[in-house]
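Here the protein sequences line up with chains A and B, keeping their order.
Each residue of the first sequence is one higher than the one before, counting from 1 in the numbering used here.
Each residue of the second sequence is one higher than the one before, counting from 1001 in the numbering used here.
By construction, the Cβ of each residue, glycine as well, lies at the ideal position given by its N, Cα and C atoms.
Keep in mind it's a predicted model, so treat the numbers as computed, not measured.
Just below is one structure, and these are the notes that go with it.
There are 2 protein chains.
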Amino acid sequence: MKIGELAKRSGLSTHTIRYYERIGLLPVADRDAGGRRDYDPSILIWTEFLGRLKTTGMSIQDMLRYARLREQGTHTGLERRAILETHREMVRRKLNALQVSLLVLDTKIDSYVDTEKRTHHDDNTPDRQFPDAAGTR
Amino acid sequence: MKIGELAKRSGLSTHTIRYYERIGLLPVADRDAGGRRDYDPSILIWTEFLGRLKTTGMSIQDMLRYARLREQGTHTGLERRAILETHREMVRRKLNALQVSLLVLDTKIDSYVDTEKRTHHDDNTPDRQFPDAAGTR
DNA sequence: TCTTGACTTAGAGTACACTCTAACCTGTAT
DNA sequence: ATACAGGTTAGAGTGTACTCTAAGTCAAGA
């Protein structure tokens, strides 16, 4: 698999793939006769997992820590597991915060909807003062 | 309320508060006799809401759009509501993605735990080869 | 043979959101 | 009176994660 195809399949740009290789997030790829990167399809499992870590907000620094351990082999499993467990805790907190904020957002939107209902007779007198039903002014 | 107290109460740094004012996310504050910012406590409602938007991943650009409409008064309610509804959709997607990734993370951690169980007799032969039960190599 | 498209490198540039610095000012406590 | 905590400004600097540029190489098809 050439870098272009990996880009398509992984959702990363070729620029990003080379960047990730440079910093150590992706292994240094094998090359074909012409010096071009030639990937084994199994790399997709790794890029997909990296995507998960990214989606869940792990920094490149931490991904790097994980990636380095992974390259060192199975005996680093305990440490990798610890990283993931710590990270999972972070994700859970983030998820919680997001859920709470989503509810607040719902309430806020509802209050705009209410304001709509109370003012839709007044389309021609938009300057009339109402308390901001949305509660943020 | 001086800027330092607002900082404590809002969780923003004084640097950030001044920065937000400069770009228009916070209103230009009233000043006391000595030219220092003096805030009405009601500003906290706005900073708290800004925090929600930030927590949920809204860009400063979009917060700015919202903030500008808010300063223009109640008649911008429809547009503000639209912004929030679009944003809510984004948050829902993000929440979903996070939940899926959390499950993947759980599975991955479990597989490390399993590997632990299968290898904890082997503490002195850590180089023995196992297929990577975590499935990413 | 020539063009086209995909690839290579080192290194520069960008977007975002702060975060800090320097030099100065003000009000309060000792 | 003087020290000190906390405030002011314009503008420079930082960290993160890309993203792009320039100049060149390579393989395949018309």
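In summary, SER1013(B) is exposed, with fewer than 16 beta-carbon neighbours lying within 10 Å of its beta-carbon over all protein chains present. In terms of beta-carbon proximity, TYR1112(B) lines the interface with chain A, with at least one pair separated by less than 7 Å. Neighbours of GLN99(A) across chain B, judged by C-beta separation under 8 Å: LEU1095. If you draw a straight line from the Cα of ASP1110(B) to the Cα of LYS1117(B), it comes to about 11 Å. Among the residues of chain B, none has a CB under 7 Å from the CB of ILE43(A); the nearest is roughly 10 Å distant. Residue contact check for THR115(A) against chain B: a CB pair falls below 7 Å. In this structure, the CA atom of ARG31(A) is about 35 Å from the CA atom of VAL1100(B). Inclusion of ALA29(A) and TYR19(A) in the CB contact set at 7 Å is not warranted, their separation being larger than that value. Taking the CA atoms as reference points, ASP62(A) sits about 44 Å from GLN1072(B). Just measuring C-alpha positions, the residue of ALA82(A), ARG9(A), ALA33(A) sitting nearest TRP46(A) is ARG9(A). Between THR76(A) and chain B, the shortest Cβ-Cβ separation is not below 7 Å. When Cβ pairs closer than 8 Å are counted between the two stretches, the region 1088-1108 of chain B is seen to touch the region 82-101 of chain A, the count reaching three or more.
ARG36(A) sits in coil when the DSSP states are folded into three classes, being neither helix nor strand. Per DSSP, GLY4(A) is one residue of the alpha helix (DSSP H) stretching across 3-10. A residue is called buried when at least 16 other Cβ atoms come within 10 angstroms of its Cβ; LYS1108(B) meets this threshold and is buried. If you check the CB distance, LEU69(A) and ARG80(A) come in under 7 Å.
Listed along chain A, the residues sitting closer than 8 Å to ARG1088(B) by beta-carbon distance are LEU102, LEU105, ASP106, ILE109. By the beta-carbon neighbour count (other beta carbons within 10 angstroms, threshold 16), GLY1077(B) is buried. GLY1011(B) and THR1055(B) have their C-alpha atoms spaced approximately 13 Å apart.
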